[in-house]
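Note sheet for the following structure.
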Amino acid sequence: MRIDVGVATDIGRIREGNEDSYLIEPPLYAVADGMGGARGGEVASHLALDTIEELHRAHKGTLAEQVRHANRIVFERSNSDRAVAGMGTTLTAAIVDGDAAHLVHVGDSRGYLLRAGSMRQLTEDHTLVNRMLRAGEISPEEAQHHPHRNVLTRVVGTDPEVAVDEDAVGLLDGDRLLLCSDGLTDMLTEDQIQAILESTPEPQDTADRLVRAANRAGGVDNITALVIDASGADGASAASGGWRSRSRRISWIRRAVAAAVLVAAASVGVRVFLDAQWYVGVADGRVAIFRGIPAQLFGFELSSPLVLTEIDAAEATAHPFYADLADGFTADDRADAERRVEEIRTTLAQASTDGAGGTGEAMPNAGTGGGG
Ligand code: MN
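If you count the sequence shown from 1, position 269 lands on 308 in my numbering, and the numbers rise without skipping.
Dropping the structure here:
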């Protein structure tokens, strides 16, 4: 896979300093948006990215472990230097490894994937507004203009530990990844961002155009856009041949299974999700993560539980959000399934403490996926 990169960062039209930082250390790419104090934000975003760059060069740990280490470094500096007390930073990073990109994420910077004319957000904003949106308390329109839309629920460097989201996407020829700070996404709609991504072939031109457009739209915050183009999947090295043929076979089997399920579904009218490879459902009276399709075919289950959580299924399905959990809640991938489990856990914890006046804010960093 050939990778081409472009990046642009700008102070914007209102702020007095640029607290955004980016890192290009192939195959590692990252964006960080710092906050706190006169110098704090700038120090936090640079310190976090310098730390993961150093660990990456020394081949120390996974990317998620590197981010957790960066969290401790920023936290310790914040506690020992009064000039930067309370500083923190978002961090969204990707490592491109052969035909896949591994993403880690904390905060409200974003990762997007543009593929074959459609764009999807790969990261989930760790903001209060996004939490309210997911809980159905506000509409997407209200979220877009909410006065507190920049209140973060997770930050690198403000606590001794941080939960780091992880995700992986397979890359195809022509894929384009965008890592960006909220100074871009607060100024431009996703349609506007997608239009620029689609109409600008060269990655550096694309990053420059995105920043210019955000400035034209007001530029109220620092703006950073990092564009990563993947091309030439067919020219990949022979070393990855074994993996590639295996993944092709899996996708062939998956298609055959999907076709069989479609036939079965048409005949018996079962509810199926053909594109689901991961979902959250119920097994042995508990909430579980499944791989497969939540359906049966001629008596055979097309999935099996992979992770059995400690969450009581009866308690979950008693909550109106999760009444249909036994049918299976589909997920994009394993990390997404783990996020859904975490969301169920959080929602149930909040529901049980609401009466007692608890806020649920002081959740332990149970971590989704973590490991390593
Ligand atoms: Mn920002």
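Glycine included, every Cβ here is placed at the ideal spot set by N, Cα and C.
The structure displayed is predicted, hence computed values, not measured ones.
(request) Put Ile177 into one of helix, strand or coil per three-state DSSP. (result) Your numbering for residue 177 matches position 138 in the sequence shown. It is coil, neither helix nor strand.
(request) Determine the DSSP secondary structure at Leu142, reduced to helix, strand or coil. (result) One-based indexing of the sequence shown puts residue 142 at position 103. Three-state DSSP puts Leu142 in a strand.
(request) Within 10 angstroms of the Cβ of Ala353, are there 16 or more other Cβ atoms? Answer buried if so, exposed if not. (result) As a first step, residue 353 is located in the sequence shown; it is residue number 314 there, counting from the start. Burial state of Ala353 is exposed, judged by a 10 Å Cβ sphere holding fewer than 16 other Cβ atoms.
(message) Any contact between the region 49 to 63 and the region 261 to 268? By contact I mean 3 or more CB pairs, one from each, below 8 Å.
(response) Yes, the region 49 to 63 touches the region 261 to 268.
(request) Flag Ser220 as yes when its Cβ comes closer than 6 Å to any non-hydrogen atom of ligand 2, and as no otherwise. (result) Ligand 2 is not among the ligands present in this structure, which contains only ligand 1.
(request) For the region 52 to 132, list the beta strand (DSSP E) runs that are entirely contained and at least 3 residues long, ordered along the chain. (result) Unbroken beta strand (DSSP E) stretches of 3 residues or longer found wholly inside the region 52 to 132: 59 to 64, 67 to 74, given in chain order.
(request) In the DSSP assignment, find the unbroken beta strand (DSSP E) run with Thr369 in it and report its ends. (result) Looking up residue 369 in the sequence shown gives position 330. Unbroken beta strand (DSSP E) run through Thr369: 368 to 370.
(message) Beta-carbon within less than 7 Å of Arg248's beta-carbon, same chain only, minus the 5 sequence neighbours each way: which residues are those?
(response) Position 209 of the sequence shown, counting from 1, holds the residue named residue 248. Correct list, in chain order: Ile235, Thr239.
(request) Determine the DSSP secondary structure at Val135, reduced to helix, strand or coil. (result) Locating residue 135 in the sequence shown gives position 96, counting from the first residue. Strand.
(message) Tell me the residue span of the alpha helix (DSSP H) that contains Glu205.
(response) On the sequence shown, residue 205 is found 166 positions in, with the first residue counted as 1. Annotation for Glu205: no alpha helix (DSSP H) segment contains it, though the beta strand (DSSP E) segment containing it runs 204 to 209.
(message) Which residue marks the beginning of the beta strand (DSSP E) containing Leu217, and which one marks its end?
(response) For the purposes of this step, residue 217 is identified with residue 178 of the sequence shown, where counting begins at 1. Element bounds for Leu217: 215 to 219.
(request) Less than 8 Å between the CB atoms is what I'm expecting for Val106 and Leu86, so what's the real figure, rounded? (result) In the sequence shown, counting from the first residue as 1, residue 106 sits at position 67. In the sequence shown, counting from the first residue as 1, residue 86 sits at position 47. Distance from Val106 to Leu86 at the Cβ level is roughly 12 Å; contact not present, criterion being Cβ atoms closer than 8 Å.
(request) Assign Val190 to one of three DSSP states: helix, strand, or coil. (result) The count along the sequence shown starts at 1 and reaches residue 190 at position 151. Residue state for Val190 is assigned as coil, using DSSP reduced to three classes.
(message) Restricting to Cα atoms, I'd like to know which of Glu55, Val46, Leu223 is closest to Ala253.
(response) Sequence index remark: in the sequence shown, residue 253 carries index 214 (1-based). Put simply, of Glu55, Val46, Leu223 the residue whose alpha carbon is nearest the alpha carbon of Ala253 is Leu223.
(message) Please classify Pro242 as buried or exposed, where buried requires at least 16 neighbouring CB atoms within 10 angstroms.
(response) Locating residue 242 in the sequence shown gives position 203, where the first residue counts as 1. So Pro242 ends up on the buried side.
(message) According to DSSP, simplified to helix, strand and coil, what is Asp147?
(response) Numbered from 1 along the sequence shown, position 108 holds the residue referred to as residue 147. Here Asp147 carries a coil assignment [DSSP, helix/strand/coil].
(request) Grab me the residues of Pro66's own chain with a C-beta within less than 6 Å of its C-beta, minus the 5 sequence neighbours each way, in chain order. (result) As a working mapping, residue 66 is identified with position 27 in the sequence shown. Cβ within range, chain order: Ile134, Val135.
(message) Using 8 Å as the cut-off, can you tell me whether the region 115 to 125 makes contact with the region 206 to 217, which would need three or more C-beta pairs spanning the two stretches below that distance?
(response) Flag = no, the region 115 to 125 and the region 206 to 217 do not touch.
(request) In angstroms with no decimal places, state the Cα-to-Cα distance between Ser157 and Ala269. (result) On the sequence shown, residue 157 is found 118 positions in, with the first residue counted as 1. On the sequence shown, residue 269 is found 230 positions in, with the first residue counted as 1. Roughly 16 Å between the two C-alpha positions.
(message) Which residue wins for smallest C-alpha separation from Ser148, given the options Thr129, Glu55, Ala202?
(response) Residue mapping note: residue 148 aligns to position 109 of the sequence shown, counting from 1. Distances from the CA of Ser148 to each of Thr129, Glu55, Ala202 were compared; the closest alpha carbon is that of Thr129.
(request) Give me the Cα-Cα distance between Val82 and His144, rounded to the nearest whole angstrom. (result) Mapped onto the sequence shown, residue 82 falls at position 43. Mapped onto the sequence shown, residue 144 falls at position 105. Cα to Cα, the separation comes out at about 19 Å.
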